[in-house]
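Student: At the far end of the sequence shown sits residue 377, using our numbering, and the numbering has no gaps.
Yeah, the Cβ is synthetic: ideal placement off N, Cα and C, and Gly gets one too.
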Amino acid sequence: MLVAIIALAFFAEPKYPDLRALLVTGGCCHDYETQKMIITEGTSARARIQWVVVHQGGTATSSKIPLYEKADWYKGFDIVVHNECFSDAKDPKWTETIVKPHRDGLPGVLIHCGMHCYRDGTGEWFKFCGVTSHRHGAHYPFEVVPAKTAGKDHPILAKFPGTWKTPKGELYQVVAKSDQCVPLATAKSKETKNDEVCVWTNTYGKGRVFGTTIGHYNEELADPVFLDMLTRGLLWACDKPVDSYLKQFDPAKTKFRWEQSTETKEPPKAGR
106 MLVAIIALAF
116 FAEPKYPDLR
126 ALLVTGGCCH
136 DYETQKMIIT
146 EGTSARARIQ
156 WVVVHQGGTA
166 TSSKIPLYEK
176 ADWYKGFDIV
186 VHNECFSDAK
196 DPKWTETIVK
206 PHRDGLPGVL
216 IHCGMHCYRD
226 GTGEWFKFCG
236 VTSHRHGAHY
246 PFEVVPAKTA
256 GKDHPILAKF
266 PGTWKTPKGE
276 LYQVVAKSDQ
286 CVPLATAKSK
296 ETKNDEVCVW
306 TNTYGKGRVF
316 GTTIGHYNEE
326 LADPVFLDML
336 TRGLLWACDK
346 PVDSYLKQFD
356 PAKTKFRWEQ
366 STETKEPPKA
376 GR
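(1) Figure out for me which residue from 306, 299 and 282 has the closest Cα to the Cα of residue 255.
(2) Please list, in chain order, all residues of the same chain as residue 240 whose beta carbon is under 6 Å from its beta carbon, the five residues on each side excluded.
(3) To which residues of the same chain is residue 343 closer than 8 Å at the C-beta, ignoring the five residues directly before and after it?
(4) Going by other Cβ atoms of all chains shown within 10 Å of its Cβ, with 16 needed for buried, is residue 374 buried or exposed?
(5) Under a three-way DSSP split, which group does residue 321 fall into?
(6) Terminal residues of the continuous beta strand (DSSP E) containing residue 293?
(7) Rounded to whole angstroms, what is the Cα-Cα separation between residue 221 and residue 354?
(8) Does the contact criterion of 3 or more C-beta pairs under 8 Å hold for the region 136 to 154 versus the region 345 to 365?
(9) Is the separation between the beta-carbon of residue 324 and that of residue 293 shorter than 8 Å?
(10) Can you check DSSP and say which residues form a bridge with residue 255?
(11) Bridge partners for residue 189 per DSSP, in chain order?
(12) Are three or more beta carbon pairs between the region 159 to 177 and the region 187 to 197 nearer than 8 Å?
(13) Measure the alpha-carbon distance for residue 271 versus residue 246 and round it to whole angstroms.
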């Protein structure tokens with residue numbers, strides 16, 4: 106009996122513990138109430154990830170959220186996902202509190218308006234992101250194409266199709282990339298006529314970073330193509346073996362809370 110119990114315990118214990126992920130969200134111009142469900146439920150259905158969500162700052166662009174008032178705000182987490190929108194929080198010391206843990210090795214993921222945050226004049230936030238963007242184009246679906254150099258050969262895009270047309274979209278215009286930025290996919294901008302980088306990896310100090318400017322609309326985030334990519338981006342940033350964390354998952358057999366309503370709420374306007 107003792108042998109059986111020991112054997113059962115051995116097989117029940119995973120070799121790698123679940124990832125402990127923090128989602129930081131809030132701020133201007135997006136339906137973060139729904140997006141936090143999409144991100145956390147969509148990824149944890151695909152991989153062994155346990156989430157804590159901090160949703161603070163209202164709809165203002167200048168909020169300095171309570172989370173970052175603590176120097177050790179990141180403690181206890183394997184990775185932090187930034188899906189926040191605070192472009193007018195412009196205190197360099199505040200920015201440093203956020204980016205220092207990532208520079209010291211904390212993995213990070215940045216989604217959409219995360220690239221437009223903390224414009225404090227130092228450029229440090231953009232170094233963390235790996236790209237610099239100041240604006241976006243009009244709202245329209247766009248085609249995302251894996252880059253020829255890294256693209257489909259990268260594990261983050263292992264399940265990505267040859268081309269993915271987003272159901273809706275707001276494409277960011279990227280004016281600069283860091284030396285450590287590796288573009289994984291691009292989309293053609295109607296405004297600039299450029300192939301804008303919209304999926305990439307970055308190395309910031311000792312930290313691995315996965316970033317994407319896709320994600321203004323809930324329909325983009327909830328698309329299985331996006332959630333597969335996001336899940337693999339999380340695992341890549343944490344430098345974890347994919348096969349040890351991915352779950353058996355069939356999107357056709359799974360009903361999520363955000364799918365209970367077919368109505369699309371327009372993102373709220375900025376508050377002050």
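Tutor: In terms of the structure at hand:
(1) Residue mapping note: residue 255 aligns to position 150 of the sequence shown, counting from 1. Looking at the Cα atoms, 306 is the closest of the given residues.
(2) Looking up residue 240 in the sequence shown gives position 135. So the list reads 278, once near-sequence residues are dropped.
(3) Here residue 343 refers to the residue found at position 238 of the sequence shown. Taken in chain order, the residues that qualify are 124, 183, 184, 212 and 313.
(4) For this step, residue 374 is matched to residue 269 along the sequence shown. Summary for residue 374: the model assigns pLDDT 46, below 50, so the residue's position carries little reliability, and this model does not support an answer.
(5) Start at 1 with the first residue of the sequence shown, and residue 321 comes out as number 216. Residue state, collapsed to three classes: coil.
(6) Taking the first residue of the sequence shown as 1, we reach residue 293 at position 188. Looking at the DSSP string, the run of the beta strand (DSSP E) that includes residue 293 is 287 to 293.
(7) Numbered from 1 along the sequence shown, position 116 holds the residue referred to as residue 221. Numbered from 1 along the sequence shown, position 249 holds the residue referred to as residue 354. Computed Cα separation, rounded: 33 Å.
(8) yes
(9) Sequence index remark: in the sequence shown, residue 324 carries index 219 (1-based). Sequence index remark: in the sequence shown, residue 293 carries index 188 (1-based). Not closer than 8 Å, so no.
(10) Working through the sequence shown from its first residue, we reach residue 255 at position 150. The partner list for residue 255 (beta bridge, DSSP) is empty, contrary to what the question assumes.
(11) Against the sequence shown, residue 189 aligns to sequence position 84. In DSSP, residue 189 forms a bridge with 131.
(12) yes
(13) Translated into positions along the sequence shown, residue 271 becomes position 166. Translated into positions along the sequence shown, residue 246 becomes position 141. If I take the Cα positions, the gap works out to 5 Å.
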